[in-house]
Ligand code: FES
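Chains as they are written, first to last, in the numbering used here: chain A, 1 to 662; chain G, 1001 to 1137.
Set out below in structure tokens:
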């Protein structure tokens, strides 16, 4: 080994977070006695500027060539201290980190045990740092394009910000039109501005933006590469309509004899087998739903009405799915949410009683452009004289979703307001807790209360049509305990509106795996840091926006979308990223060129080549991600992983199992 | 020397299980102080030889924690680990080593409570069996 090791050890108190449970002074004394430790200090907050200066100065003044910090998780501050080392002229890979907070002081109460464990962890880090070698990172240019997946409000905001900043965006949307859930809404709380009116200008801006390439009716199939240089394959599903020829006149849909429930109208209206999902769709192009198209199903033997009536000659049954390959430096996932299916709670009678509907169905009903032209009506066409709105359907419920979906109280109030305004019905709001935490939200609650809506604090037990009094006949009876009065209530109403939980997309797991990101226990995508990096994921260069992270209202989704855009722009404007330095490398003198590494690698990094007549493996540094799978598989011990070498791990094992003599 | 407190070495992958252990900490979940974690980028880095080495130099048990199947950050590292270690475990059993001494489990970044549970269980398992003396020959 090269010159003498001079190690500096720094122990952070983290206020009392560490020092409260670990005897930091004892730890510092202990470390001072370890081989080659030149200096060992403890300090209140090492991550602070003076804390970092401590180690920077020591590197310069004491000629340290190795540094160990014992503090919080390396996932939090390894980067900070590596940078400090670098600033003082030390290669950042000559640094080692011991986690004595998350893995020690916070999980153990016994000071003696915690101090002992901290000593073990620190000893292992000090032993390991002996083996660290300086590694060189390479700078590679960042592809300035961004891929945004999902074109609801969060994805649209993100795409527009980046595109307006002068950079190219690929916007992929799996549905036939962009717009997401927001374009389905009637009004937005608490201001009651028309959702369509604020959404459609944004949608058309996306449609016309010179920097946005919209890939609607498309899905991401495959992602490879890493931050700065992702390679993505997108499946552009066949619409069976020539996008260049279709002028969006809608005649095909009018003439299509086959009608199916419209997804956009959540089943309240119908669409053709060839359809444009809604009037303001972007792109305004018809799509043929192959599962319901009789022409396709009969293999061209029946129907064909659309072909006959399309003057533009846009119908093209020869069209096939297309794979589009694109490259991007950053990726933003804004894949949104699904709505919990209330028929999973049978006692609420959804799908059993005609007039039990979901909030989204009600949204389409009150919307002037919806299937009832904004008229609130019962299944038999009559106007409801009374209605109950049930909050927390599936949310805050141990059996379904434990979390609060955050927006339901507010839209329930909005619906109550519209019911009052349009029908003057008696409206009951049945809630567990009223959560109105945004700007102007509490005031809106007050306003709706003053409009005469009756609020009952209690979880609904069930909804039934079994009447026990004259008054209940022909009605739906909502049975709930009024917890403030402590008495059971039976409320006969004409209409019941359920506010279902917002849940992760049904394909969230597939999407997470495709992009190698993580889900939370709830199934939503996990952010890098719940407080400080809500728009980042654990994977560099992949960001999240909107409800795919957790339920949000529109302003929060907009902010989140813009935060993700800022993160992508930061990357693009920086222009380069450093590649992973802790990757595999081959000792050519040991390599037999067997090719096991080549077979086992998921990223095609190692390749066996002929070198001076000998078969040896070489590693493509741009492809290697440093997982270490090949090093374990290599039968000759030629393959190794920098920074996680056999020796480094072996010495840690020894340090952690050693019996202390004193 | 009282050896009723087992020594456990754990290998955690950076992306899921190490983050899960961090979350257990952030959430102040308490678990026995017998475990010492070595961070690797992927559970696929864990050579069975490391596991054997730990047992040879004095660990009473080794816990390998990776991402849940299908969730490995490097796609299939944890499948390889599972295969490699299940063979190792069979071999160890054949040699007369208690199967509890090598344990493989999965834990996601959001499963702080699961991490604490696994550690608690593994520690209890190892307390139940006598200290590892097999390599003391
Ligand atoms: S990264 Fe966790 S097991 Fe591979």
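Even for Gly, the Cβ is constructed at its ideal location relative to N, Cα and C.
Check: In the stretch 492-519 of chain A, which residue ranges form an unbroken beta strand (DSSP E) of at least 3 residues, counting only runs that do not cross its ends?; Outcome: 495-500 and 502-504
Check: Report all residues from its chain with a CB closer than 6 Å to the CB of residue 661/A; omit the five preceding and five following residues, and keep chain order.; Outcome: The predicted model places residue 661/A with a pLDDT of 41, which falls under 50 and marks its position as unreliable; any figure quoted below should be read in that light. Excluding residues within five positions, none has a Cβ falling inside 6 Å.
Check: Going along chain G, which residues have a C-beta under 9 Å from residue 108/A?; Outcome: 1030, 1031, 1032 and 1033
Check: Output needed for residue 415/A: all residues of its chain with C-beta closer than 7 Å, excluding positions within five of it in sequence on either side, in chain order.; Outcome: 359, 362, 389 and 497
Check: Anyone know if the C-beta pair for residue 370/A and residue 268/A falls short of 8 Å?; Outcome: yes
Check: What does the alpha-carbon distance come out to for the pair residue 1021/G and residue 472/A?; Outcome: 56 Å
Check: Taking just the CA atoms, how far does residue 485/A sit from residue 1037/G?; Outcome: 54 Å
Check: Roughly how many angstroms separate the alpha carbons of residue 568/A and residue 332/A, rounded to a whole number?; Outcome: 8 Å
Check: Let me check understanding here. Comparing Cα to Cα, which of 634/A, 16/A and 95/A lies closest to residue 9/A?; Outcome: 95/A
Check: Which residues have a Cβ closer than 6 Å to any heavy atom of the ligand FES, listed in chain order?; Outcome: 1013/G, 1015/G, 1016/G, 1042/G, 1043/G, 1044/G, 1066/G, 1067/G, 1072/G, 1073/G, 1074/G, 1077/G and 1078/G
Check: For the alpha helix (DSSP H) holding residue 178/A, just list the boundary residues, first then last.; Outcome: Where residue 178/A is concerned, there is no enclosing alpha helix (DSSP H), given that its DSSP letter is neither H nor E.
Check: With residue 50/A as the anchor, note down where its alpha helix (DSSP H) starts and where it stops.; Outcome: 49-61
Check: Residues of chain A with CB closer than 7 Å to the CB of residue 1076/G, please, in chain order.; Outcome: 602
Check: Does any CB atom of chain G fall closer than 8 Å to the CB of residue 1/A?; Outcome: Interpretation of residue 1/A is limited by its pLDDT of 47, a score under 50 that renders its predicted location unreliable; no figure is taken from the coordinates.
Check: Does DSSP classify residue 141/A as helix, strand or coil?; Outcome: strand
Check: Which residues mark the beginning and the end of the beta strand (DSSP E) in which residue 1078/G is found?; Outcome: First-last for residue 1078/G: 1077-1094, but that is the alpha helix (DSSP H), not the beta strand (DSSP E).
Check: For residue 600/A, which residues of its own chain have a beta-carbon under 8 Å away from its beta-carbon, when the five flanking residues on both sides are left out?; Outcome: 629, 630 and 633
Check: Closer than 7 Å between beta carbons: that is the criterion. Which residues of the stretch 1100-1112 of chain G meet it against chain A?; Outcome: 1108, 1109, 1110 and 1111
Check: What did DSSP end up calling residue 737/A once you bin it into helix, strand or coil?; Outcome: Nothing about residue 737/A can be read from this structure; chain A reaches only from 1 to 662.
Check: Would residue 1119/G pass as a contact of residue 1018/G if the rule is Cβ separation under 8 Å?; Outcome: no
Check: Buried or exposed for residue 1001/G, please, with buried defined as at least 16 other CB atoms from any protein chain shown within 10 angstroms of its CB.; Outcome: Since pLDDT at residue 1001/G reaches only 35, below the 50 mark, its modelled position is unreliable, and the value read off the structure follows with that caveat. With fewer than 16 Cβ atoms within 10 Å of its Cβ, residue 1001/G is classed as exposed.
Check: Any C-beta of chain G sitting closer than 8 Å to the C-beta of residue 654/A?; Outcome: yes
Check: Going by DSSP, name the residue or residues bridged to residue 1039/G.; Outcome: 1012/G
Check: Taking the straight line between their C-alpha atoms, what separation do you get for residue 499/A and residue 395/A?; Outcome: 9 Å
Check: If you count every other CB in all the chains shown that lies within 10 Å of the CB of residue 323/A, and 16 or more means buried, which is it?; Outcome: exposed
Check: Give the DSSP-derived three-state secondary structure of residue 91/A in the structure shown.; Outcome: coil
Check: Do you know whose CA, among 1084/G, 1076/G and 1075/G, lies nearest residue 1050/G's CA?; Outcome: 1084/G
Check: Can you list the residues of chain G that residue 641/A reaches, using a CB-CB cut of under 7 Å?; Outcome: 1045
Check: Which runs of the beta strand (DSSP E), 3 residues or longer, sit entirely within the stretch 292-379 of chain A?; Outcome: 322-328, 330-333, 337-339 and 356-358
Check: At 4 residues or longer, and completely inside the stretch 620-649 of chain A: list those alpha helix (DSSP H) runs for me, N to C.; Outcome: 629-633
Check: Please confirm whether residue 420/A and residue 440/A have their CB atoms less than 8 Å apart.; Outcome: no
Check: Which same chain residues, not among the five before or five after residue 596/A, have their C-beta less than 6 Å away from its C-beta?; Outcome: 633
Check: I'd like the span of the alpha helix (DSSP H) that includes residue 159/A, first residue to last.; Outcome: 153-164
Check: Less than 7 Å between C-beta atoms, sequence neighbours within five positions excluded: which residues of the same chain meet that for residue 316/A?; Outcome: 240, 241 and 242
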